[in-house]
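Chains A and B are the protein sequences, given in the same order. Under the numbering used here, the first sequence has 10 at position 9, and the numbering climbs by one with no breaks. Under the numbering used here, the second sequence has 31 at position 30, and the numbering climbs by one with no breaks. Glycine included, each C-beta is placed from N, C-alpha and C at the ideal position. Structure record follows, encoded as structure tokens.
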Amino acid sequence: MASRGFTHLAEATEAALIIAAQAKDQAAFGELVKRRQGWARALLRRMCQSHAEADDLAQEAFIKAWDRLRDLETPAAFPGWFRRIAVTTFLMAKRRQKAVFEEIDDASPIASEDSTPEAAAGAKLDLERALARLSDAERLCVTLNHGEGLSHSEIVEITGLPLGTVKSHVLRGTDKLRRLLDPDA
Amino acid sequence: MTDFDALLKRSFAEAPEPADDGFVVNVGHAVAKREAGLKVRSYMQYGAITIGAAAVSWGLYAIAGAFGQELMASVGLEVARAHAAVSTVPDAGAAAQGFIQSMGAGLTQILFVTAALAGGAVAYRATQD
């Protein structure tokens, strides 16, 4: 990998790295991946059931980003732009697995024997474990809403789900998390 | 926003991010492999275009060899006929020449009047100021 114009990639700003990567500088893109991999993988790990699947999707998303980086108009828009790619990659993977996003699963196993107050108290420390108890759609919407700070309409835009469905998923997902993470609720 | 919503946002923000356990290297390898594949595909496309262009050129050369002389002779004949047809209509040329001459004669007067009007307008404007 050859880096054009950088003596120390680690000192370059993200904007400079993005501009260099747009000019197909693989080393600059590598540095960008290094800086953003934690956020991207954490985002996808919250959406997916398994870490291995999340990491595969994160890799796929970064490769798509490499291919489409020239479409990015301003470097400042990179986080939102990449988030959209990551979510689209996740949704496409779910479609390949024939997951149904529009339906709300009333039989979600929140009220199983594992959700005793003791178990819920333990889950307070483990957001990831609590998220795993939600349906795919609820997890996606809750993660984007509470984790990424997106509004309902922004989630509609990024996922293509109807607004009412997004609101339901966020509401129900948050309610389930409250019951799992906050035993006093 | 409820207390729980705030707690949830904080939990998301404080959740640890995964460490780079070879992920960056894997992405780097995948990107490099992809670029190499694209380069090979681009070379293959250039090769295919070159072969196609050579085949078309060879085909055109063969056609020109077979029918070229006959075609050129026909074209030359048609040009000669067209030239003959144009040269047998002298009246149209003469009429056009007369029109241009009369326009040239009148143009001097037109320019003179226009200049007089413009000069008068400028003088009038100067007196108003």
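Since A:R180 is in the alpha helix (DSSP H), which residue starts that stretch and which ends it? L164 to L182
Using a C-beta cutoff of 9 Å, does A:K25 count as contacting chain B? yes
Quick check for students: name the residue ranges of the beta strand (DSSP E) that lie wholly in the stretch 13-42 of chain A, counting only runs of 3 or more. none
Residue-chain proximity (A:L182, chain B), Cβ-Cβ < 9 Å: yes
So, helix, strand or coil for A:T160, using DSSP? helix
Go ahead and label A:S51 buried or exposed: buried means 16 or more other beta carbons lie within 10 angstroms of its beta carbon, across all protein chains shown. exposed
Closer than 9 Å to chain B by CB, A:E129: yes
Since A:T90 is in the alpha helix (DSSP H), which residue starts that stretch and which ends it? F79 to R97
Is the separation between the beta-carbon of B:A14 and that of A:G39 shorter than 9 Å? no
How should A:L132 be labelled, buried or exposed, when 16 other C-beta atoms within 10 angstroms of its C-beta is the threshold for buried? buried
Pull up the distance between the alpha-carbon of A:R179 and that of A:G165, whole angstroms please. 21 Å
Of the choices A:D57, A:L145 and A:S152, whose alpha-carbon is the least far from that of B:G23? A:D57
Can you name the residues of chain A whose CB is closer than 7 Å to the CB of B:K40? Within chain A, no residue comes near B:K40; the closest Cβ sits about 11 Å away, beyond 7 Å.
Just to confirm, is the Cβ distance from A:L44 to A:A87 under 9 Å? yes
Measure from the C-beta of B:S12 to each C-beta in chain A and report whether the shortest distance is under 9 Å. yes
What does the alpha-carbon distance come out to for the pair A:I19 and A:K95? 29 Å
Just verifying my parser: in three-state terms, what is the DSSP assignment at A:R134? coil
Give the secondary structure of A:P76 by DSSP, where H, G and I count as helix, E and B as strand, and everything else as coil. helix
State the Cα-Cα distance for the pair A:I156 and A:F83, rounded to the nearest angstrom. 14 Å
May I have the straight-line CA-CA distance separating A:E15 from A:L33, to the nearest angstrom? 7 Å
Quick check on A:G123: does DSSP put it in helix, strand or coil? Summary for A:G123: the model assigns pLDDT 46, below 50, so the residue's position carries little reliability, and this model does not support an answer.
Could you check whether A:A59 and A:A41 sit closer than 9 Å to each other, using their CB atoms as the reference points? yes
Neighbouring residues, chain B, relative to A:F30 (Cβ below 9 Å): V28, G29 and V32
Within chain B, partners of A:A43 - CB distance below 7 Å: A16, E18 and P19
Residue range of the unbroken alpha helix (DSSP H) whose run includes B:H30: F24 to S88
Is it buried or exposed, B:K40, if we count other Cβ atoms within 10 angstroms and call 16 or more buried? exposed
Report the rounded CA-to-CA distance for A:T90 versus A:A62, giving the unit in angstroms. 6 Å
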